[in-house]
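Student: So that we are looking at the same thing, I have put the structure below in structure tokens.
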């Protein structure tokens with residue numbers, strides 16, 4: 001699993017943010033092409049805060065932006 005940092009949070013101008021987003025888009029397309037070349041599945045998953053990191057099940061949102069899973073895991077949504 002590869003986790004990408006979020007360098008655009010420290011960018012000062014919109015031009016800097018655009019260059020960072022463009023670079024991440026190129027990286028994503030390159031990884032997708034390499035996965036296809038080697039016959040590997042390429043999965044781009046989203047909604048990370050709704051999936052339990054402990055068991056992989058879908059978590060339910062409770063009060064005050066807290067997500068809770070049936071396995072007992074609980075954490076802030078963001």
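Residue numbers (full-length UniProt numbering): 1 to 78.
Cβ coordinates follow ideal geometry from the N, Cα and C atoms, glycine included.
Compare the beta carbon distance of residue 38 and residue 31 with 8 Å and say whether it is the shorter of the two.
Tutor: Cβ atoms of residue 38 and residue 31: not closer than 8 Å.
Student: Determine the extent of the beta strand (DSSP E) in which residue 59 is found, giving its start and end residues.
Tutor: Premise fails: residue 59 is in no beta strand (DSSP E) and is neither H nor E.
Student: Let me check one thing: in DSSP terms, what residues is residue 68 bridge-paired to?
Tutor: In the DSSP output, where bridge partners are listed per residue, residue 68 has 60, 74.
Student: Do residue 58 and residue 66 have their C-beta atoms closer together than 8 Å?
Tutor: No, the Cβ-Cβ distance between residue 58 and residue 66 is not below 8 Å.
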